[in-house]
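Student: This is the structure I have questions about; it appears just below.
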């Protein structure tokens, strides 16, 4: 932060957050391709903090890092903070290549030589509303990290690592003062281990990445129609017959909980009932509403199998099952799903119909409410607070439950007005391949919220949801990261932090740093592209062309992949070109910004850069068309490559019109608009993310008065 | 294999192995950079089998693969072969993108529609000399895979997957007949989890990769001066105090053993005693030869701490400890290390000296022999056969022990002549960053072996050894793969299979395929290079330049990294440029071949290609020099980049001499030879792998008579 900031030797120059953002905004307006021609500037030295802390003041001075960098606190080996410091030191050494002298695994006792001092008052509890704040003071000779709880230490160390900077003399931390605490206490990531089983290491590496952006809750979706994923000792047929052998042992669950605890992350299990429950009934059909036998579901959607709420044995089953799971998962909250219940089997079962009459339950909603009340009693006996999706809401529930909204903020508002706590997931469905921007601007408490201050306190936060219909261990990281870091910032940073361009600038840097934690969101793409070549490896220029196509192609959004002509199941391959593409093309975003700058500035050197892109993409189109003809698995990208060719040609035509100062005729314009509509259609389950920029260029050509 | 092979409709045309190799040799003589300008040929369709099966006959016909490809055997879900077929189907779908119809996780009962039929007689046992043979018959409409044991099915499925080919009509298996069995029964990979702890997933993904090249033994090095890596319930201070918290729980060990068993891989533990044992004594100093306290060793080398063989309590300790471990690890063999015992603490301990006198033990070797005999008794009581390094050899040991030779084939010969079984590891030390060629040509029974046929049977095979002083979870895969695939071929394929060029041709393809198993040997390099940029990400052309430098730089060989000015410890960063480099530069090898072809052919179009390389590398040198100046962690590569600049300049000078038909003067030659000696010196702990090719070029210029 040394650039453009006046130094003041007589104390902290108070560079407030606003000016930081403005400065970053300036930087972010220089698109990356343009930056290639810009000479080295101090811009490289601006640290990318994400989530942005509540208060950052940098002095312009530098704390230099060398081999003698020692960390110390009044702590004991094996404590959570001690281990966090050890991880910090390992990562610091890893990023800088510095051979740190301290044996930080064995001893962090402060000594005269200690440079990083950490101090906390007590061990934080892994519950909502626990104190996660910290205070970081960096002077040229000493760093102090202080926090009420060790959770604050864990959070602060991530910030300190993000501050790591370099100049020609070496590595340093910019000096300054930071005070930070989260805006929301419930900052979660839902991982669905059911639609596709995700091996333990996937969960573990994502926990590390979550900690890097200060998320504090893993919502673990553990049962579904497609699989029951936890070893049950009381009802072993659940995992034995309901998982194809793909489940977590209880020891593995404990490993995850232990790692999460080390990182200051809660682990809340979800067992989705009474619907979404086919896999339970493969081993235990007697608790279903229709007679079996049942098979593990391979398709995706909402299915008929549902627990029988009229059978007293069902509740005895859950009594025992939740007793077992309540002991396994220490979190005070327990998620019972409750969403999307299909009532077909209830209607078809005369005993259930009789039961409804007898208990004056007029409809299926009332029947589910009855079921939930019974489940609530069981959970309460086992000292768990209930969490569920929107559908669980009903009058008369205790006030300590939490409603998770997949439906929207209005549901949260309604709940809060009734005094219920809520968390937002609508708008954070990262499986739908939407932009980081869209998630980023989605606020659990939007600026125009009608809630009172007291009611707002009931909105605990939000959760990104990684539903796993279309991901495997290979691709799931790229669906989670880096976009979830933007959601993490929304949930941690002050509400005013909403600068989208600056978010993207930082996101690119954070995205690369996240791979340090083992997540594979970036590095798996080239590997997966290479695999498409099979036994005839691509030539380097072919590989580059395919990668260039992948960089501007996005999987179709929302649930559209299910209507592209192929029936996806949990056994279908997720290794095709579309699976190699990132949910959001950052290059397309850069390009859109570049077109914007050109349109606003009308400078010809900008047009040349835009033209360069089109020339590049025509080449990419030609090469990938050729690949499509030669590799069977790539046949499907032929039409996508042809679309890119047409789109690039159109872009060039528009630029030539502009260059010549000519206006196109109405017929030409009409035909090109139609063409653009054509080019928007999905090909190979992808869309070309640069279409909107070309559309904007065409619109400008049409409207331009010059 | 359809190219250049005459079809014969009236039966199998018998294309014997020799002709296969000759054909592949022809292909391998076309260097890859030259191939870029070669038009599409059938070459792309030649499957890369590795290890090469004992007998392969291809008919030129094709078995076409589509959605209706069903697999079936008389088998039950959950059996080892059933699971192997399920994995095969998943990988087949993954490589081809084909939506297979069969629910192969639930049912593989043969039906009329079944295309792949598998059949085995019995469950194979995980012991040496078990039958792993298989027979694969591929006809246009049906595939039969037959084997005496399910191990053969597992091996055969890997071969079938390697046969997968593609043409313009889609994917197919080439039809033919294969009969295959291993040459050696002991085909191992040693993984050292001690010098650096390797998380469970590292071990698991490497097991999958091992299975892909038909290795059948994981030799798991679990205790060392630097760490004790297994949970012990009888002596919990072993892992509690001896591991910094980095150890495998017994549940995790069981997971590894279960996965290995599914893959037909044995897991043999090594607990290295009486030396290499510092970490044991942190918790149990009473069994050491010198009083404590002990600390976990951070450095590398051979250290003084050693068990006290004169203390009866030592043997009581091992009795209990091995009882626990013998139950945990089902393999009949148990490795006790026994290498590199330092006797300093024995000499310094008067009780030990008195003990030696009393028992007529004249020297330390005799003392260790005494110790080993006691240990052998314990192992025998627990029904384990002893394995150890060369040093355990002593007269009078039972004939069922196995000696693992790190010293060389002569030691094996000596052992065999005494009737002892042996395995070779000398020459398979993959941690030393030698070439695949060197390992490949290293034969446990070389053609000139003086052993009788009966004695040869005592040579059970060999093991690649992945010692972990200089690797982490991020880099270990790139030190194991792909070179270990070459060792796997040496141990599996017939002794006559020794064509180095053909091995490399296949190795490149197999290397890419291995990543399907999760190993990260290729994909981690770009990630690690990116990380060197820290918060100022490289521009794309900078990243490419750095990668190009990494592609021709190799870490210094042998143990030379320890004498380059930095003291490595288990806490030192292994994230620098040298760690990003592969042990062997395949590009440098291609280049050497290219130079060879030019020198032999004297064709000018070849010279132009060589010149192109030098031009490229001068550019790479200029760009990476600039990076070295701007990124602190890259400072050290400045001299390496400068060396590349000088080397490329020299290469260009030589080519110009040749082009002009001029001979250089003696003084020039002398100075350039001196320069080459300079350029061979390590920089940034790396060497430029293209120096020998330039040296060859210079040598040819000097000797050429034209």
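Residue numbers (the working numbering), protein chains in the order written: chain A, 1 to 706; chain B, 707 to 1412. We put the beta carbon where it would ideally sit given N, CA and C, even for glycine. Values in this document were obtained by computation on a predicted structure and should not be read as measured data.
Going by alpha carbons, who is nearest to residue 713/A out of 292/A, 310/A, 315/A?
Tutor: The first residue shown for chain A is 1 and the last is 706, placing residue 713/A beyond what the model contains.
Student: Does the beta carbon of residue 82/A sit closer than 8 Å to a beta carbon anywhere in chain B?
Tutor: False, the Cβ-Cβ gap to chain B never drops below 8 Å.
Student: Contact check, residue 460/A vs residue 423/A under 8 Å by CB: the rounded distance?
Tutor: Between residue 423/A and residue 460/A the Cβ distance is about 5 Å, and since that is below 8 Å, they are a contact.
Student: In three-state terms, what does DSSP make of residue 32/A?
Tutor: Bear in mind that a pLDDT of 33 at residue 32/A, under 50, signals an unreliable position, so the number given afterwards is only what the model happens to contain. Residue state, collapsed to three classes: helix.
Student: Please look up how many angstroms separate the CB atoms of residue 1232/B and residue 540/A, rounded, as I've assumed it's under 8 Å.
Tutor: Going by Cβ atoms, the distance from residue 1232/B to residue 540/A rounds to 13 Å, so no, they are not a contact pair.
Student: From the DSSP secondary-structure annotation, give me the bridge partner or partners of residue 1165/B.
Tutor: Its beta-bridge partners are 1128/B.
Student: Residue 843/B lies in the beta strand (DSSP E); which residues open and close that run?
Tutor: Taken as a continuous stretch (DSSP letters only), the beta strand (DSSP E) holding residue 843/B covers 840-845.
Student: Can residue 614/A and residue 607/A be called in contact, C-beta distance under 8 Å?
Tutor: No, the pair does not count as a contact, with Cβ atoms beyond the cut-off.
Student: Which chain B residues sit within Cβ distance under 7 Å of residue 165/A?
Tutor: Those are 1241, listed as they occur along chain B.
Student: Output needed in chain order: residues of the segment 1123-1146 of chain B with a Cβ under 7 Å from some Cβ in chain A.
Tutor: The segment 1123-1146 of chain B vs chain A, Cβ under 7 Å: nothing.
Student: Would you say residue 290/A faces chain B, with C-beta separation under 8 Å as the test?
Tutor: Answer no: the Cβ-Cβ gap between residue 290/A and chain B never drops below 8 Å.
Student: For residue 1403/B, does the count of other Cβ atoms within 10 angstroms reach 16, so buried, or fall short, so exposed?
Tutor: Residue 1403/B should be labelled buried.
Student: Against chain B, with Cβ distances strictly below 8 Å, would residue 625/A count as a contact?
Tutor: Chain B, which has no Cβ nearer than 8 Å to the Cβ of residue 625/A, makes this no.
Student: Check distances from the C-beta atoms of the segment 149-163 of chain A to those of chain B and list, in chain order, the residues that come in under 7 Å.
Tutor: Of all residues in the segment 149-163 of chain A, none has a Cβ within less than 7 Å of some Cβ in chain B.
Student: Nearest chain B C-beta to residue 573/A closer than 8 Å, yes or no?
Tutor: Yes, residue 573/A counts as interfacial toward chain B.
Student: Would you identify the three-state DSSP class for residue 1392/B, choosing helix, strand or coil?
Tutor: Strand.
Student: Are the beta-carbon atoms belonging to residue 511/A and residue 554/A less than 8 Å from one another?
Tutor: Result no, Cβ atoms of residue 511/A and residue 554/A do not sit closer than 8 Å.
Student: For residue 849/B, does the three-state DSSP call read helix, strand or coil?
Tutor: Reduced to three states, the DSSP call for residue 849/B is strand.
Student: For residue 693/A, which residues does DSSP report across the bridge?
Tutor: According to DSSP, which records beta bridges pairwise, residue 693/A is partnered with nothing at all.
Student: Would you tell me roughly how many angstroms separate the C-alpha atoms of residue 1076/B and residue 785/B, rounded to the nearest one?
Tutor: Straight-line Cα distance between these residues: approximately 45 Å.
Student: Taking only beta-carbon positions, decide if residue 1004/B is within less than 8 Å of chain A.
Tutor: Chain A contact via Cβ: present.
Student: Note the first and the last residue of the continuous beta strand (DSSP E) segment covering residue 876/B.
Tutor: Residue 876/B -> beta strand (DSSP E) spans 876-886.
Student: Quick one: does residue 1208/B have its CB under 8 Å from some CB of chain A?
Tutor: With 8 Å as the cut-off, residue 1208/B does not count as an interface residue toward chain A.
Student: Determine, for residue 978/B, whether the minimum Cβ-Cβ distance to residues of chain A falls below 8 Å.
Tutor: Taking Cβ atoms only, chain A never reaches closer than 8 Å to residue 978/B, which makes this a no.
Student: Ordered along the chain, which non-local residues of its own chain (more than five positions away) have a Cβ less than 6 Å from that of residue 737/B?
Tutor: Because the pLDDT at residue 737/B is just 34, under 50, the model does not fix this residue reliably, and the value given afterwards should be weighed accordingly. Within the same chain, residue 737/B has close Cβ partners 1296, 1299, 1300.
Student: Kindly indicate which residue of 160/A, 692/A, 105/A has the alpha-carbon position closest to the one of residue 142/A.
Tutor: It is 160/A whose Cα lies nearest to the Cα of residue 142/A.
Student: Please report the distance separating the alpha-carbon of residue 1334/B from that of residue 209/A.
Tutor: Using only the alpha carbons, I get a separation of about 29 Å.
Student: Whose Cβ in chain A lies nearer than 8 Å to the Cβ of residue 885/B?
Tutor: Those do not exist, as residue 885/B stays about 22 Å from chain A at its closest Cβ, beyond 8 Å.
Student: What does the Cβ neighbour count give for residue 660/A, buried or exposed, with the cut at 16 atoms within 10 Å?
Tutor: Exposed: under 16 other Cβ atoms inside 10 Å.
Student: Which complete alpha helix (DSSP H) runs does the segment 888-937 of chain B hold, if anything under 4 residues is left out?
Tutor: Counting only runs of 4 or more, we get 906-918.
Student: List, in chain order, every chain A residue whose beta-carbon is nearer than 9 Å to that of residue 877/B.
Tutor: Simply 534, 632, 633.
Student: Can the beta-carbon of residue 870/B be found less than 8 Å from the beta-carbon of residue 877/B?
Tutor: In contact: residue 870/B and residue 877/B (Cβ atoms closer than 8 Å).
Student: Does the beta carbon of residue 1215/B sit closer than 8 Å to a beta carbon anywhere in chain A?
Tutor: Yes, its Cβ sits closer than 8 Å to a Cβ of chain A.
Student: Rounded to the nearest angstrom, what separates residue 1215/B and residue 531/A at their Cα positions?
Tutor: Taking the straight line joining both Cα atoms gives about 10 Å.
Student: Counting pairs of beta carbons, one from the segment 791-806 of chain B and one from the segment 929-938 of chain B, are three or more of them closer than 8 Å?
Tutor: At 8 Å Cβ cutoff, the stretches do not touch.
Student: Which bits of chain A does residue 805/B rub up against, with CB to CB less than 9 Å?
Tutor: Correct list: 566, 567, 568, 569, 571, 572, 573.
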